[in-house]
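Let me begin by presenting the structure, written as structure tokens, before commenting on it.
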Amino acid sequence: MNNHPLRQSDPRASNESTATIHETIRNIFGSSDSISKEADPKDVNPKEVVSKRVNPKDSNQSTTPFIAERMPQTTPSVAQDHRVLDNIFPKNVTKPVIKAELPRLHHRIERTDQVVYCNTLLLKDPVFSATTNLDKAELVWLEEIKKDPAEQDHLRWLATRMVEAFVADTTKDSTEIAEIVALGPVLQRVPYRKLLTSLLRDLDGARILDDYLLQGLYQLVQTASPGYLEADDLVKILSILRVRMQGMHQQSTEHIYLLALAISGILDVMADHKVQDLDRVLEREPLSGVLSGLKGSSDPYLMYQACYAFQALQYVPDNETALQGVLRHSTGVVDGLVKVTSVFTLDLASILEGLENLKESI
Numbered sequence: 001m002n003n004h005p006l007r008q009s010d011p012r013a014s015n016e017s018t019a020t021i022h023e024t025i026r027n028i029f030g031s032s033d034s035i036s037k038e039a040d041p042k043d044v045n046p047k048e049v050v051s052k053r054v055n056p057k058d059s060n061q062s063t064t065p066f067i068a069e070r071m072p073q074t075t076p077s078v079a080q081d082h083r084v085l086d087n088i089f090p091k092n093v094t095k096p097v098i099k100a101e102l103p104r105l106h107h108r109i110e111r112t113d114q115v116v117y118c119n120t121l122l123l124k125d126p127v128f129s130a131t132t133n134l135d136k137a138e139l140v141w142l143e144e145i146k147k148d149p150a151e152q153d154h155l156r157w158l159a160t161r162m163v164e165a166f167v168a169d170t171t172k173d174s175t176e177i178a179e180i181v182a183l184g185p186v187l188q189r190v191p192y193r194k195l196l197t198s199l200l201r202d203l204d205g206a207r208i209l210d211d212y213l214l215q216g217l218y219q220l221v222q223t224a225s226p227g228y229l230e231a232d233d234l235v236k237i238l239s240i241l242r243v244r245m246q247g248m249h250q251q252s253t254e255h256i257y258l259l260a261l262a263i264s265g266i267l268d269v270m271a272d273h274k275v276q277d278l279d280r281v282l283e284r285e286p287l288s289g290v291l292s293g294l295k296g297s298s299d300p301y302l303m304y305q306a307c308y309a310f311q312a313l314q315y316v317p318d319n320e321t322a323l324q325g326v327l328r329h330s331t332g333v334v335d336g337l338v339k340v341t342s343v344f345t346l347d348l349a350s351i352l353e354g355l356e357n358l359k360e361s362i
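Under full-length UniProt numbering, the first residue of the sequence shown carries the number 1, and numbering increases by one thereafter.
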């Protein structure tokens with residue numbers, strides 16, 4: 001046994017030892033008992049220490065537990081996977097707040113961002129504000145303003161007054177539109193609807209598409225408070241944008257992209273509000289045709305928005321009943337079959353037309 005090649009390769013082995021081949025292999029790889037005794041206990045894995053102290057005389061013991069125990073446990077747990085997903089896809093994320101200098105009570109407010117900031121804080125309940133991301137200064141200001149109903153009414157009146165001034169202004173520039181739209185999330189229902197009507201009227205009446213009006217309307221709809229939007233509002237907005245999209249023949253790609261982006265956002269809001277009975281003939285089919293044409297655009301951004309809007313349109317049901325749908329498809333199929341039978345009369349034009357009708361119907 002002492003003349004075994006593995007035995008001879010170990011200079012630390014003695015002639016009087018009765019260690020097995022299993023022990024010799026462990027000694028070659030530096031995992032003998034002597035090494036484990038010299039190692040620092042702080043640097044040794046408890047599992048490895050246990051595996052090294054197995055009786056070496058037991059030659060029938062498998063090395064599988066020894067190897068498995070030394071392998072690092074890198075497989076993440078299910079709880080860790082959920083935590084990672086929650087960090088990547090957080091739920092119920094609070095909307096960002098435009099912060100500004102908090103004015104002192106009964107002092108003059110000179111900037112729009114202060115009006116937005118103060119009215120945003122007014123919407124928060126002081127009972128639950130401790131669990132939000134409010135800092136100490138915001139909590140103190142909120143506690144003081146809640147004790148002064150007159151000052152609360154004054155802040156809300158300022159927001160309403162700004163909307164009235166905007167509606168009365170006939171020349172609205174990009175700065176005014178951006179400022180007034182920022183008030184959307186904090187407006188009460190009546191001034192909000194006045195602002196929405198004004199932007200719709202201006203966008204519909206403009207002979208040339210105003211990008212700032214379009215973006216302002218899109219942002220205002222996206223930030224609407226629950227119950228402020230009606231289904232008819234969304235259908236009318238979509239109709240205006242659809243007409244604009246159909247007339248964009250010689251416009252730049254940027255204008256068409258902004259329209260496609262706005263249409264995508266409006267369709268998302270319509271799906272969230274469960275808007276139904278969209279007119280199939282006047283609205284759905286024309287818009288679907290325009291978006292289908294843009295899906296092949298060479299511009300990747302426009303192509304993506306067109307594809308997204310086309311898919312979003314599928315989640316807004318139209319006013320066609322099931323019976324009407326069956327009749328519409330069956331009529332096309334029957335008409336196509338009739339024209340395909342023209343093969344017996346050798347009418348090539350009718351055959352091709354019938355095949356095309358069958359393709360569209362199916």
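Note that beta-carbon positions come from the ideal geometry of N, C-alpha and C, so glycine has one too. All values derive from a computational prediction rather than experimental measurement.
> Can you tell me where the alpha helix (DSSP H) with M248 in it begins and where it stops?
Replying inline: The residue given as residue 248 occupies position 248 in the sequence shown. Note, M248: premise wrong, no alpha helix (DSSP H); not H, not E.
> Going by Cα to Cα distance, which pick from T120, H106 and Y228 is closest to L196?
Replying inline: Residue mapping note: residue 196 aligns to position 196 of the sequence shown, counting from 1. Taking only the C-alpha atoms, the option nearest L196 is Y228.
> When DSSP labels each residue in this structure, what does L213 get in the three-state scheme?
Replying inline: Within the sequence shown, residue 213 is the residue found at index 213, counting from 1. If DSSP states are grouped into helix, strand and coil, L213 belongs with the helices.
> Would you say L291 and R284 are within 8 Å of each other, going by their C-beta atoms?
Replying inline: Stepping through the sequence shown from its first residue, residue 291 is reached at position 291. Stepping through the sequence shown from its first residue, residue 284 is reached at position 284. Cβ distance not < 8 Å, so L291 and R284 don't count as in contact.
>> Considering only the alpha carbon of each residue, which of G216, Y301, K274 and R244 lies closest to P286?
In response: Reading the sequence shown from its first residue, position 286 is the one you call residue 286. For P286, the closest alpha carbon among the candidates G216, Y301, K274 and R244 is that of R244.
> For the alpha helix (DSSP H) that contains A182, what are its first and last residues?
Replying inline: The residue given as residue 182 occupies position 182 in the sequence shown. Unbroken alpha helix (DSSP H) run through A182: S174 to A182.
>> According to DSSP, D318 sits in a beta bridge with which residue or residues?
In response: Within the sequence shown, the letter at position 318 stands for residue 318. Under DSSP, the beta-bridge partners assigned to D318 are L278.
> What is the rounded straight-line gap between the Cα of G216 and the Cα of Q222?
Replying inline: By one-based count along the sequence shown, residue 216 stands at place 216. By one-based count along the sequence shown, residue 222 stands at place 222. Approximately 10 Å, taken between the alpha carbons.
>> Can you look up P103 in the DSSP assignment and give me helix, strand or coil?
In response: Position 103 of the sequence shown, counted from the first residue, corresponds to residue 103. Three-state DSSP puts P103 in coil, outside helix and strand.
> Would a C-beta distance cut-off of 8 Å place L234 and V281 closer than the cut-off?
Replying inline: In the sequence shown, counting from the first residue as 1, residue 234 sits at position 234. In the sequence shown, counting from the first residue as 1, residue 281 sits at position 281. Not a contact, by the Cβ cut-off of 8 Å.
> Given M303, which residues of its chain have a CB within under 8 Å of its CB, disregarding the five upstream and five downstream residues?
Replying inline: Start at 1 with the first residue of the sequence shown, and residue 303 comes out as number 303. If we look at M303 and ignore the five residues flanking it on each side, its Cβ neighbours are L294, K295, G296 and S297.
> Given a threshold of 16 other Cβ atoms within 10 Å of its Cβ, counted over all protein chains shown, does Y315 qualify as buried or as exposed?
Replying inline: Within the sequence shown, the letter at position 315 stands for residue 315. Y315 comes out exposed.
> Within 10 angstroms of its Cβ, does T175 collect 16 or more other Cβ (buried), or is it exposed?
Replying inline: Residue numbering aside, residue 175 sits at position 175 when the sequence shown is read from its first letter. So T175 ends up on the exposed side.
> Looking only at C-alpha atoms, which of L102, V115 and L267 sits nearest to A182?
Replying inline: Position 182 of the sequence shown, counted from the start, is the residue given in the question as residue 182. Among L102, V115 and L267, the Cα nearest to that of A182 belongs to V115.
> Apart from the five residues on each side of it in sequence, which residues of its chain come closer than 6 Å, Cβ to Cβ, to S34?
Replying inline: Reading the sequence shown from its first residue, position 34 is the one you call residue 34. Reliability of the predicted coordinates at S34 is poor, the pLDDT of 44 falling under 50, and the value obtained from them is presented with this limitation in mind. Contacts found: none.
> Taking the alpha helix (DSSP H) that G205 falls in, what are its first and last residues?
Replying inline: Start at 1 with the first residue of the sequence shown, and residue 205 comes out as number 205. It spans R189 to G205 - the alpha helix (DSSP H) in which G205 sits, taken as one unbroken run.
> Taking the C-alpha atoms as reference points, what is the distance between I240 and D204?
Replying inline: Taking the first residue of the sequence shown as position 1, residue 240 is located at position 240. Taking the first residue of the sequence shown as position 1, residue 204 is located at position 204. Going from the Cα of I240 to the Cα of D204 covers about 6 Å.
> Going along the chain, which residues of its own chain have a beta-carbon closer than 6 Å to the beta-carbon of L155, five neighbours each way excluded?
Replying inline: Here residue 155 is taken as the residue at index 155 of the sequence shown, counted from 1. Closer than 6 Å at Cβ, skipping near neighbours: C118 and N119.
> Relative to the alpha-carbon of Q188, which residue among A159, S288, F166 and Y257 has its alpha-carbon at the smallest distance?
Replying inline: Sequence index remark: in the sequence shown, residue 188 carries index 188 (1-based). Here the closest residue by C-alpha is A159.
> Taking the alpha helix (DSSP H) that Y308 falls in, what are its first and last residues?
Replying inline: Position 308 of the sequence shown holds residue 308. Run containing Y308: P300 to L313, per the alpha helix (DSSP H) assignment.
>> Can you tell me whether L229 is helix, strand or coil according to DSSP?
In response: Taking the first residue of the sequence shown as position 1, residue 229 is located at position 229. Looking at L229 - three-state DSSP - the assignment turns out to be coil, as it is neither helix nor strand.
> Using DSSP with H/G/I as helix, E/B as strand and the rest coil, what is N60?
Replying inline: The sequence position of residue 60 within the sequence shown is 60, counting from 1. Caution is warranted here: a pLDDT of 48 is assigned to N60, below 50, making its placement in the model unreliable, and no coordinate value can be reported.
> Going by beta carbon distance, what residues of the same chain come within less than 8 Å of H273, once the five residues before and after it are set aside?
Replying inline: What you label residue 273 is simply residue 273 of the sequence shown in a count that begins at 1. L229, A231 and L234, listed in sequence order.
>> Measuring straight from C-alpha to C-alpha, what distance separates K146 and R108?
In response: Residue 146 sits at position 146 when you count from the first residue of the sequence shown. Residue 108 sits at position 108 when you count from the first residue of the sequence shown. Approximately 18 Å, taken between the alpha carbons.
> Would you call the CB atoms of A206 and L200 closer than 8 Å?
Replying inline: Locating residue 206 in the sequence shown gives position 206, counting from the first residue. Locating residue 200 in the sequence shown gives position 200, counting from the first residue. Not closer than 8 Å, so no.
>> For A100, which residues in the same chain have their Cβ closer than 8 Å to its Cβ, ignoring the five residues on either side in sequence?
In response: Sequence index remark: in the sequence shown, residue 100 carries index 100 (1-based). Result list for A100: R111, D113, Q114, V116 and Y117, in chain order.
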